[in-house]
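So the sequences go chain by chain: A and B.
All the letters of the first sequence, read from the start, carry residue numbers 0 to 560 under numbering that gives the first Met the number 0.
All the letters of the second sequence, read from the start, carry residue numbers 0 to 225 under numbering that gives the first Met the number 0.
Using N, Cα and C, we set each Cβ at its ideal position, and we do this for glycine too.
This structure is a prediction, so every number in the text was calculated from the model and none was measured.
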Amino acid sequence: MAESTNRTNANNRTVLVVGSGISGMTAAIALAEKGIRSILVSPFVSERSQSVMAAGGINAALDNMGEGDSVDKHIEDTLKGGCMIAGRDAVAGLCTSAPDIIRWLEKLGVVFTLNKNGKIDQRAFGGQSCRRTCYCGASTGKQIVSALVMECRRYEAMGLIERRLWNDFHSGLIRGGKCYGALLFNEARASLEAVYADAVIMATGGQNALFGKTTGSTQCDGYAAGRLFMQGAALKNLEFIQYHPTTMETSQKRMLISEAARGEGGRLYYEEDGKRVYFMEERFGSRGNLMPRDIVSRCMEETGKDIFLDVTHLGPDVIVAKIPEVRDLCLKYAGLDIKKESIPVKPSVHFFMGGLAADENHETNIENLYAVGECASRYHGANRLGGNSLLAAVHSGKTAASAIAASPAAADEGNAEASDLFAEYIQTEEEKIIRDFSSESKFPVMYIRDMAAEIMNTELGIVRDGDSLRKGISGLDYYIDIASRIRYDSSVLEYFNYSLPAILNLAKATMLSALERKESRGAHIRSDYPEASDEYAAGSLIMYNGGQFDITYDREGRFEH
Amino acid sequence: MKVRILRKRPTEDRQYWEEFIYEGPSDISVAGMLDDLNYKDDIVNAAGENVPRIAWECSCLQGMCGGCAMVINGRPALACETFVRDLGDEITIRPLSKFHVINDLVIDRSIIHENALKVNDYIKEYKPSPPKEYEHQYAAAKCLKCGLCLEVCPNYMKGDRFYGALFANDCYLIATRSDVYNRDIKKDYDRHFAAGCSKSLACVEVCPMKIPTLSSMAKLNRKRQD
Numbered sequence: 000m001a002e003s004t005n006r007t008n009a010n011n012r013t014v015l016v017v018g019s020g021i022s023g024m025t026a027a028i029a030l031a032e033k034g035i036r037s038i039l040v041s042p043f044v045s046e047r048s049q050s051v052m053a054a055g056g057i058n059a060a061l062d063n064m065g066e067g068d069s070v071d072k073h074i075e076d077t078l079k080g081g082c083m084i085a086g087r088d089a090v091a092g093l094c095t096s097a098p099d100i101i102r103w104l105e106k107l108g109v110v111f112t113l114n115k116n117g118k119i120d121q122r123a124f125g126g127q128s129c130r131r132t133c134y135c136g137a138s139t140g141k142q143i144v145s146a147l148v149m150e151c152r153r154y155e156a157m158g159l160i161e162r163r164l165w166n167d168f169h170s171g172l173i174r175g176g177k178c179y180g181a182l183l184f185n186e187a188r189a190s191l192e193a194v195y196a197d198a199v200i201m202a203t204g205g206q207n208a209l210f211g212k213t214t215g216s217t218q219c220d221g222y223a224a225g226r227l228f229m230q231g232a233a234l235k236n237l238e239f240i241q242y243h244p245t246t247m248e249t250s251q252k253r254m255l256i257s258e259a260a261r262g263e264g265g266r267l268y269y270e271e272d273g274k275r276v277y278f279m280e281e282r283f284g285s286r287g288n289l290m291p292r293d294i295v296s297r298c299m300e301e302t303g304k305d306i307f308l309d310v311t312h313l314g315p316d317v318i319v320a321k322i323p324e325v326r327d328l329c330l331k332y333a334g335l336d337i338k339k340e341s342i343p344v345k346p347s348v349h350f351f352m353g354g355l356a357a358d359e360n361h362e363t364n365i366e367n368l369y370a371v372g373e374c375a376s377r378y379h380g381a382n383r384l385g386g387n388s389l390l391a392a393v394h395s396g397k398t399a400a401s402a403i404a405a406s407p408a409a410a411d412e413g414n415a416e417a418s419d420l421f422a423e424y425i426q427t428e429e430e431k432i433i434r435d436f437s438s439e440s441k442f443p444v445m446y447i448r449d450m451a452a453e454i455m456n457t458e459l460g461i462v463r464d465g466d467s468l469r470k471g472i473s474g475l476d477y478y479i480d481i482a483s484r485i486r487y488d489s490s491v492l493e494y495f496n497y498s499l500p501a502i503l504n505l506a507k508a509t510m511l512s513a514l515e516r517k518e519s520r521g522a523h524i525r526s527d528y529p530e531a532s533d534e535y536a537a538g539s540l541i542m543y544n545g546g547q548f549d550i551t552y553d554r555e556g557r558f559e560h
Numbered sequence: 000m001k002v003r004i005l006r007k008r009p010t011e012d013r014q015y016w017e018e019f020i021y022e023g024p025s026d027i028s029v030a031g032m033l034d035d036l037n038y039k040d041d042i043v044n045a046a047g048e049n050v051p052r053i054a055w056e057c058s059c060l061q062g063m064c065g066g067c068a069m070v071i072n073g074r075p076a077l078a079c080e081t082f083v084r085d086l087g088d089e090i091t092i093r094p095l096s097k098f099h100v101i102n103d104l105v106i107d108r109s110i111i112h113e114n115a116l117k118v119n120d121y122i123k124e125y126k127p128s129p130p131k132e133y134e135h136q137y138a139a140a141k142c143l144k145c146g147l148c149l150e151v152c153p154n155y156m157k158g159d160r161f162y163g164a165l166f167a168n169d170c171y172l173i174a175t176r177s178d179v180y181n182r183d184i185k186k187d188y189d190r191h192f193a194a195g196c197s198k199s200l201a202c203v204e205v206c207p208m209k210i211p212t213l214s215s216m217a218k219l220n221r222k223r224q225d
């Protein structure tokens, strides 16, 4: 059609954004600022996203504390924290954009905590050479979400952002290495809907649920990354899983004790012969408690002892002023008064450095398919520094949006052609769902998910070895086989049924990536290969080819350099 | 312990009560208890019949996301912050009553967002406000949009005219930070909040984030006379 020529006009393009946390909303807003329309899809509203749980802060070398901080120092700290396998250019881009990101957020109404000079206050987080973490009281992520929700609304009113709730991601519409949109599933209508778009941005968070209940949101299960992996997307650095050193067991989940508690002066110790041993300080000096997370977790594990975090010496005033959320959390869920008692802590799964392999535009190996936020793998290398994930969430959303705006719009394939291309695929997937609803299975989906999580926790702990990983893989193979034969567990929502195989395959890909990396680096610690090896000084890439898992290393820096 | 839950299948309209027996510890939140009932190999009701797992909205499990707002023993609250030990011998749970029920305890709270959108509730031109407002702004921006303040409000019905306490707090955030927009937002505040509020202040009482809604109202009322 002659009229369709102005599809090349930016204003006629539509981008599908899957996930409405900080990275997804930032992408949608940044697209709207450039006049590009987006559809922002999520099962629930942004207020339920895991982003609201990021209490600690966001890094930027503003040097508001007058310690001589600089963007260069931020770059070096981030590269070093990531054990030198993140791309220097990638990290430089992240850290250079940080001060502007803080100013942008401030302009949207984010209320940062100020220091006594009236500038944004900056606190110490692990692995930093200067105090660099900006924060909003005890709820940085929540404050950013509130501001972004309002800013999204500006563009919703203008028709540039369309929110769609109650939709689960089902799969990508992918042909010949190119993405044309996505299939969404609506639980209330029990139906699939194809949404065609000029680009798709995945912003679905980390793969927490592979490990059952973690410190994060129960909504982040890794399904989208797993499904796209099975559709040809490359995943990167899956073996690097951050164990946050200080989490506290409660009856409902492992609760995160913010790094701010150590940033303000909290001390880790164990007891021996009735005496306290401050093992981190003994090993690393006065800043020992604030070593990067991988090192602290590893040292805690090595003691073989029950570890405690003491903040009592800070005094009630500092505790109430600086870490009120830690006080409230301990009191509410453990009946513990941190002004008087130490907190029993243990490392626990917290963040995934790995995910969809994303290049400098945050595009995956599949054309027009982008990944941002925690579901993308970039910047953090083998270990992420505290305060860098909120930064990466905003930076990646903006980067993907800019790249899409700058790319020439596809002029050839309109929706009509695309819908022809996928008619058969959509029909097959619809039939699978109808078949699910008309069958019964005695093998509960939740049971398989629990068993898989148990395998992950047992065989892929802080310290791994070849034997445990091989055992884990054969365990997961057993459940992958079952999942391919069961039909439908009517006791749970359909989403839990159709998501099961991809989640299990993602778990297996993670185990395989850990088995292949025969060295110890950052958060990946192999007792059978305790040293870092130059041979593995690159990101791992894993691809799925019809049941076959192929692992390579990105030594040329195709995705990150 | 008996647990009665008002349920609904996603594809049906009818709601029905179902009873379960909970045998776990009482030193656990209602959210933890729901998980305990759900994540066994089988889920059976008190009569021993296999039934669908209980659907409820949940994300953070620690009072930061507002997903699990429901009515527990007659009292609207977040399930992850309500403890079984405080609830006596029998627990009755139903979904919030002022929203459309999707599935069991999962409700559709889209109206909160739709109303904000109707009045273009957002900052147009950002104007930094005096630092004395920061603490109040920080508190107001903690709103979970959980809907508990609407559930307890004697004036909030379906949200077609009166938008409730969470809207008043949004209005405050805009009025103190937007340069060109603060006059309009005061009109919207009058129309969709001030005109309908009978000041029961149940919203202040129930708010899980302890947002000082009364201060937001006082400041907006004062600005109105400017």
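Please classify A:Lys-397: is it buried, with 16 or more other beta-carbons within 10 angstroms of its beta-carbon, or exposed?
In the first sequence, the residue the question calls residue 397 of chain A occupies position 398. Label assigned to A:Lys-397: buried.
Looking at A:Pro-346: is its Cβ nearer than 7 Å to the Cβ of A:Pro-244?
Numbered from its first residue, the first sequence carries residue 346 of chain A at position 347. Numbered from its first residue, the first sequence carries residue 244 of chain A at position 245. It is a contact, given that the beta carbons lie within the stated cut-off.
From this set, A:Gly-303, A:Glu-161 and A:Glu-258, which residue's C-alpha is nearest A:Gly-287's C-alpha?
If you number the first sequence from 1, residue 287 of chain A lands on position 288. The shortest Cα separation from A:Gly-287 among A:Gly-303, A:Glu-161 and A:Glu-258 belongs to A:Glu-258.
Touching by the beta-carbon criterion (3+ pairs, under 8 Å), the segment 169-178 of chain B and the segment 208-221 of chain B
yes
Got a sec: is the Cβ-Cβ distance from B:Gln-14 to anything in chain A below 7 Å?
By one-based count along the second sequence, residue 14 of chain B stands at place 15. Not closer than 7 Å to any Cβ of chain A, the Cβ of B:Gln-14 fails to qualify, so no.
Coil, strand or helix - A:Ala-59 by DSSP
As a working mapping, residue 59 of chain A is identified with position 60 in the first sequence. Three-state result, A:Ala-59: coil.
beta-carbon A:Ile-541 near the ligand GTP non-hydrogen atom, thresh 6 Å:
Looking for the ligand GTP in the displayed structure turns up nothing, as the structure carries no ligands at all.
Compute the distance between the beta-carbons of A:Ala-260 and A:Val-310, then report whether it is under 7 Å.
The count along the first sequence starts at 1 and reaches residue 260 of chain A at position 261. The count along the first sequence starts at 1 and reaches residue 310 of chain A at position 311. Their beta carbons are under 7 Å apart, which means A:Ala-260 touches A:Val-310 by this criterion.
Under 8 Å, with one C-beta from each stretch per pair, do the segment 199-211 of chain A and the segment 514-530 of chain A reach the 3-pair mark?
Because the criterion of three Cβ pairs below 8 Å is not met, the segment 199-211 of chain A and the segment 514-530 of chain A do not touch.
A:Ala-156 at chain B interface by Cβ criterion, 7 Å
The sequence position of residue 156 of chain A within the first sequence is 157, counting from 1. Yes, its Cβ sits closer than 7 Å to a Cβ of chain B.
Could you give the distance in angstroms between the alpha-carbon of B:Leu-147 and the alpha-carbon of B:Val-205?
Within the second sequence, residue 147 of chain B is the residue found at index 148, counting from 1. Within the second sequence, residue 205 of chain B is the residue found at index 206, counting from 1. Going from the Cα of B:Leu-147 to the Cα of B:Val-205 covers about 7 Å.
Rounded distance between the beta-carbons of A:Leu-289 and A:Ala-123, thought under 8 Å:
For the purposes of this step, residue 123 of chain A is taken as the residue at position 124 of the first sequence. For the purposes of this step, residue 289 of chain A is taken as the residue at position 290 of the first sequence. Sure, about 6 Å apart at Cβ, within 8 Å.
Would you say A:Ser-257 reaches chain B, if we count a Cβ-Cβ gap shorter than 7 Å as a contact?
In the first sequence, residue 257 of chain A corresponds to position 258, counting from 1. For A:Ser-257, the answer is no, since every Cβ of chain B falls outside 7 Å of its Cβ.
Cβ-based burial, A:Pro-42 [other Cβ within 10 Å; buried from 16]:
Locating residue 42 of chain A in the first sequence gives position 43, counting from the first residue. A:Pro-42 is buried by the Cβ-count criterion.
Sort A:Ser-19, A:Val-109 and A:Ala-137 by Cα distance to B:Ser-128 and report the nearest one.
Reading the second sequence from its first residue, position 129 is the one you call residue 128 of chain B. Residue A:Val-109 is the option with its Cα nearest to B:Ser-128.
B:Gln-14, DSSP secondary structure in three states:
As a working note, residue 14 of chain B is residue 15 in the second sequence. It is a strand residue.
With 16 as the cutoff for other CB atoms within 10 Å, does A:Thr-217 come out buried or exposed?
Position 218 of the first sequence, counted from the first residue, corresponds to residue 217 of chain A. Buried.
Unbroken alpha helix (DSSP H) run spanning A:Arg-226, endpoints:
Translated into positions along the first sequence, residue 226 of chain A becomes position 227. Where A:Arg-226 is concerned, the enclosing alpha helix (DSSP H) stretches over 222-229.
Going by DSSP, what residue range makes up the beta strand (DSSP E) through A:Glu-515?
Locating residue 515 of chain A in the first sequence gives position 516, where the first residue counts as 1. Run containing A:Glu-515: none in the beta strand (DSSP E); it sits in the alpha helix (DSSP H), 493-515.
What residue range does the alpha helix (DSSP H) around A:Phe-278 cover?
By one-based count along the first sequence, residue 278 of chain A stands at place 279. Counting along the chain, the alpha helix (DSSP H) containing A:Phe-278 begins and ends at 278-283.
Run the CB neighbour count on A:Phe-184, radius 10 Å, all protein chains shown included, and call it buried at 16 or more, exposed below.
As a working note, residue 184 of chain A is residue 185 in the first sequence. So A:Phe-184 ends up on the buried side.
On the DSSP letters alone, give me the boundaries of the beta strand (DSSP E) that A:Gly-18 sits inside.
As a position in the first sequence, residue 18 of chain A is number 19, starting the count at 1. Where A:Gly-18 is concerned, there is no enclosing beta strand (DSSP E), given that its DSSP letter is neither H nor E.
Residues that A:Arg-562 contacts on chain B, provided the C-beta gap is smaller than 9 Å
Lying outside 0 to 560, the shown extent of chain A, residue 562 of chain A is not represented and no answer is given.
7 Å Cβ shell around B:Gly-62 - same chain, five flanking residues per side excluded:
As a first step, residue 62 of chain B is located in the second sequence; it is residue number 63 there, counting from the start. Correct list, in chain order: Leu-77, Cys-79, Glu-80 and Pro-207.
Which residues in chain B sit within 8 Å of A:Ala-189, going by Cβ to Cβ distance?
Start at 1 with the first residue of the first sequence, and residue 189 of chain A comes out as number 190. Per Cβ cutoff of 8 Å: Pro-9 and Thr-10.
Within 7 Å (strictly less), CB to CB, does A:Thr-217 reach chain B?
If you number the first sequence from 1, residue 217 of chain A lands on position 218. Closer than 7 Å: yes.
Per-residue contacts from A:Leu-328 into chain B (C-beta, under 8 Å):
Here residue 328 of chain A is taken as the residue at index 329 of the first sequence, counted from 1. Under the 8 Å cutoff, chain B gives Gln-61.
Using a Cβ-Cβ cut-off of 6 Å (strictly less than) and excluding sequence neighbours within five positions of A:Glu-192, which residues of its own chain qualify?
Along the first sequence, read from residue 1 onward, the residue named residue 192 of chain A stands at position 193. So the qualifying residues of the chain are Leu-183.
Separation of A:Glu-534 from A:Phe-421, as counted between CA atoms:
Translated into the one-based positions of the first sequence, residue 421 of chain A becomes position 422. Translated into the one-based positions of the first sequence, residue 534 of chain A becomes position 535. Computed Cα separation, rounded: 42 Å.
Local Cβ density within 10 Å of A:His-379, reported as buried at 16 or more and exposed below that
For the purposes of this step, residue 379 of chain A is taken as the residue at position 380 of the first sequence. That one is buried.
Rounded to whole angstroms, how far is the Cβ of A:Arg-463 from the Cβ of A:Ala-513, which I believe are closer than 8 Å?
As a first step, residue 463 of chain A is located in the first sequence; it is residue number 464 there, counting from the start. As a first step, residue 513 of chain A is located in the first sequence; it is residue number 514 there, counting from the start. About 6 Å separates the two Cβ atoms, so the contact holds.
Sequence-distant residues of its chain with Cβ nearer than 8 Å to A:Glu-366 (five each side left out)
Start at 1 with the first residue of the first sequence, and residue 366 of chain A comes out as number 367. So the list reads Gly-176, Lys-177 and Cys-178, once near-sequence residues are dropped.
Cβ contact (3+ pairs, closer than 8 Å) linking the segment 127-141 of chain B and the segment 82-90 of chain B
no
Beta carbon of A:Gly-140 nearer than 7 Å to that of A:Ala-53
Within the first sequence, numbered from 1, the residue matching residue 140 of chain A stands at position 141. Within the first sequence, numbered from 1, the residue matching residue 53 of chain A stands at position 54. Yes, these two residues count as a Cβ contact at 7 Å.
Please name the residues in the segment 458-488 of chain A whose beta-carbon is closer than 8 Å to at least one beta-carbon of chain B, in chain order.
none
When the Cβ atoms of the segment 347-355 of chain A are set against those of the segment 332-339 of chain A, are three or more pairs found closer than 8 Å?
no
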